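S.K.:
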Amino acid sequence: MNFEILFVLLALAGMVAALIWDRMRPGMILLSVVVLFLVAGILSPKEMLEGFSNKGMITVAMLFLVSEGIRQSGALGQVIKKLLPEGKTTVLKAQVRMLPPIAFISAFLNNTPVVVIFAPIIKRWAESVKLPATKFLIPLSYVTILGGICTLIGTSTNLVVHGMVLDAGYEGFTMFELGKVGIFIAIAGILYLFAFSNKLLPDSRQDNYVDEGEEEGPGNLHRVEAVLGSRFPGINKTLGEFNFTRHYGAIVKEVKSGGERFTHDLDKVTLHEGDTLVLWADDSFIPTWGESSVFLMLANGSENTEPVSKGKRWLALGLLIFMIVGATVGELPAVKEAIPNMRLDMFFFVCITTIIMAWTKIFPPKKYTKYISWDILITIACAFAISKAMENSGFAALVASYIINMADNFGPYALLAIIFIITNIFTELITNNAAAALSFPIALSVATQLGVNPTPFFVVICMAASASFSSPIGYQTNLIVQGIGSYKFTDFVRIGLPLNLITFLISIFVIPMIWKF
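Numbering-wise, full-length UniProt numbering puts 107 at position 107 of the sequence shown, and it's gapless, one number per residue.
Below, the structure written as structure tokens:
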């Protein structure tokens, strides 16, 4: 083991530890590691910066704006209202009606706005029909993940792996190519939720303030639930150290963190990303902070968005359909032959869609930077550089050789299983994009050393990196529903582990049938 391999090993171990420790945002952690590789001479400045100009990363940035346009059009709110049953119903009937359409929607939109809009509406609806909201919120998060793995744009991880595949000199994924296996996983996952979620998920954990009928607070204050985002300035501070009322003009009445509820000695409670605060706030609180990345979600049980004209709503949906159809048709062989000098791919159509949405003011063009998650983009850009450093140092080839020797008597199927397990463990502990970055160069080296088609390994990384079901920390939508549903960590483990296993088994057996070794 030479110096470069040892250096990369220690740096990656430190990176994983820092991501688990969660004392700094993932983007800054990955950027720090990339700078270390630059200083050590493992990366050149050009290699360090290549990720920032990658088509996959820019596509993710544009998709944030497209998703925001759809959110602000009010189309999603109208959809969920039509999906929710009116009158008396059962958990199963309600899930059958709402979960498959939500999975379909999430195949084409960023998961976070889908959950942010749907979760408070579903919770309020569940209370009105006297069903436990806890039977619906984790399934809501899970079906957005299951829908996201079915298309190229369903999750940023698919676009990251797609970008790495192109950089490695291979043909990337088409719009619905990943759906060849993703649809089987999604259907099996949804059927599993229908069959077992009612048994495995807890009964409703009611909020004291709702039980006591305290929707209205002192004076003109109202009850608001606020889910803390990564940019909240009081992360890892106690409420005593961070004066919430001075910063935001609202009074904290309750903190829900990790499935626990705190209503006394709140000054001693430490705040974390994903915690839900129950507040007394005035009418200006949600309009003031509703578009801020300080909070992942704000809910007061009523509509928080201004009415949008039907024309703008239909225009937003029309542009989304134009983007999807255009990217799908543009990848057809006949179209490529007819227009050889233009690449009519997802990047091409998402650029057009974003600009039209801005000029037609479907989202406020002067505020466009607020709707982009810059930390995710920096994480993605740095992921490309880390992957390159693993190749340059020989670390990826060394790990690949070890994995091949370990599974020497079992063939490519065993190697596919090992790559899935490695990626899936990383995605539960750190971020999905970082997990893909660590696994990709190893998978490529494994395929190269074996002399087999690497595509099955690339696809299995997409499936494993998105299959974050067993913990609330692996996926942002899980964090959101954990707080508003008052779920415990063990709730995710109980219902999520079998779903991880379902994804694993389908991936290992179906992927090689479609993409031959």
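Ideal Cβ positions, reconstructed from N, Cα and C, are used throughout, including at glycine. These numbers come from a predicted model, not from an experiment.
Just verifying my parser: in three-state terms, what is the DSSP assignment at M98?
M.R.: In the structure shown, M98 sits in a helix (DSSP, three-state: H, G or I).
S.K.: Let's test the definition: count the other Cβ atoms within 10 Å of the Cβ of S393 and tell me whether it reaches 16, buried, or not, exposed.
M.R.: Buried.
S.K.: In three-state DSSP terms, what is E428?
M.R.: In the structure shown, E428 sits in a helix (DSSP, three-state: H, G or I).
S.K.: Given that a residue counts as buried once 16 or more other Cβ atoms are within 10 Å of its Cβ, and exposed if not, what is I339?
M.R.: Label assigned to I339: exposed.
S.K.: Straight-line CA distance for K123 to E171?
M.R.: Using only the alpha carbons, I get a separation of about 43 Å.
S.K.: Specify, as a first and last residue, the run of the beta strand (DSSP E) that H222 falls within.
M.R.: 222-228 is the span of the beta strand (DSSP E), which, as asked, contains H222.
S.K.: Identify every run of the alpha helix (DSSP H) within the stretch 28-62, keeping only runs that are complete inside it and at least 4 residues long; order them along the chain.
M.R.: Fully enclosed alpha helix (DSSP H) runs of 4 or longer: 45-49.
S.K.: What residue range is occupied by the uninterrupted beta strand (DSSP E) comprising L296?
M.R.: Run containing L296: 295-299, per the beta strand (DSSP E) assignment.
S.K.: Does the beta-carbon distance from D267 to T245 come in below 8 Å?
M.R.: Taking 8 Å as the Cβ cut-off, D267 and T245 do not qualify as a contacting pair.
S.K.: Given this structure, state the Cα-to-Cα distance separating I480 from V224, to the nearest angstrom.
M.R.: The straight-line gap from Cα to Cα measures roughly 15 Å.
S.K.: Does the Cβ-Cβ distance between S507 and T157 come in under 8 Å?
M.R.: No, these two residues do not count as a Cβ contact at 8 Å.
S.K.: When you compare each of I473, M346, L49, K388 to L444 by their alpha carbons, which one comes out closest?
M.R.: Out of I473, M346, L49, K388, K388 has the C-alpha closest to the C-alpha of L444.
S.K.: Roughly how many whole angstroms lie between the Cα atoms of K366 and W359?
M.R.: Those two C-alpha atoms are separated by around 10 Å.
S.K.: How far does the alpha helix (DSSP H) with I251 in it reach, from first residue to last?
M.R.: First-last for I251: 251-257, but that is the beta strand (DSSP E), not the alpha helix (DSSP H).
S.K.: Are the beta-carbon atoms of residue 535 and A250 separated by less than 8 Å?
M.R.: Here the chain covers residues 1 to 517 and nothing more, so residue 535 does not appear.
S.K.: Can you say whether Q72 is buried or exposed, counting buried as having 16 or more other CB atoms within 10 angstroms of its CB?
M.R.: Burial call: buried.
S.K.: Can you name, in chain order, every residue of its own chain whose Cβ lies under 7 Å from the Cβ of L499, other than the five neighbours on each side?
M.R.: Excluding residues within five positions, the ones whose Cβ falls inside 7 Å are Y142, G189, Y192, F469.
S.K.: Considering only DSSP beta bridges, list what F262 is partnered with.
M.R.: Answer is V255, bridged to F262.
S.K.: Give the single residue among P333, V350, G311, G318 whose Cα lies nearest to the Cα of A327.
M.R.: The candidate whose alpha carbon is nearest that of A327 is V350.
S.K.: Taking C-alpha atoms, which residue in H272, L9, T503 lies nearest to Q482?
M.R.: Answer by Cα proximity: H272.
S.K.: Which same chain residues end up closer than 7 Å to P202 when comparing Cβ atoms and leaving out the 5 residues on each side of it in sequence?
M.R.: T134, D491.
S.K.: Assuming the contact rule is C-beta atoms closer than 8 Å, T155 and G148 should be a hit. Round their C-beta distance to whole Å, please.
M.R.: With a Cβ gap of about 4 Å, T155 and G148 count as contacting.
S.K.: Please go through the same chain and pick out, in chain order, the residues whose beta-carbon is closer than 6 Å to the beta-carbon of L429, but skip the five residues on each side of it.
M.R.: Cβ neighbours of L429 beyond the five flanking positions: I20.
S.K.: Can you list, in chain order, the stretches of the alpha helix (DSSP H) that have 4 or more residues and sit fully within the stretch 358-403?
M.R.: List check, alpha helix (DSSP H) in window: 374-393.
S.K.: Could you tell me whether the stretch 423-439 touches the stretch 471-479, using the rule of 3 or more Cβ pairs below 8 Å?
M.R.: The answer is yes - the stretch 471-479 touches the stretch 423-439, with three or more Cβ pairs under 8 Å.
S.K.: When you compare the CB positions of P441 and I511, do they come within less than 8 Å of one another, or not?
M.R.: Contact: no.
S.K.: With a threshold of 8 Å on Cβ separation, who are the neighbours of V252 within its own chain once the five nearest residues in sequence on each side are excluded?
M.R.: Excluding residues within five positions, the ones whose Cβ falls inside 8 Å are L239, F244, T245, L266, L277, V278, L279.
S.K.: Taking the straight line between their C-alpha atoms, what separation do you get for I29 and I378?
M.R.: Going by the C-alpha atoms only, they are around 10 Å apart.
S.K.: Between the alpha carbons of L137 and N433, how many angstroms are there, rounded?
M.R.: Distance between the alpha carbons of L137 and N433: 24 Å.
S.K.: Which same chain residues end up closer than 6 Å to H247 when comparing Cβ atoms and leaving out the 5 residues on each side of it in sequence?
M.R.: Correct list: empty, nothing qualifies.
S.K.: Thinking C-alpha only, which one of A75, G87, F384, E127 is nearest L109?
M.R.: The residue with the shortest Cα to Cα distance from L109 is A75.
S.K.: Under the DSSP definition of a beta bridge, which residues are partnered with A465?
M.R.: DSSP output for A465 lists no bridge partner at all.
S.K.: Are the beta-carbon atoms of M57 and A381 separated by less than 8 Å?
M.R.: Closer than 8 Å, so yes.
S.K.: F196 to D22, Cα distance in whole Å?
M.R.: Approximately 32 Å, taken between the alpha carbons.
S.K.: Kindly list the residues whose CB is nearer than 7 Å to the CB of S373, restricted to its own chain and excluding five residues on each side of it in sequence; keep chain order.
M.R.: Once the five neighbours on either side are set aside, the close Cβ partners of S373 are F64.
S.K.: In angstroms, rounded to a whole number, what distance separates the CA positions of L12 and V161?
M.R.: About 19 Å.
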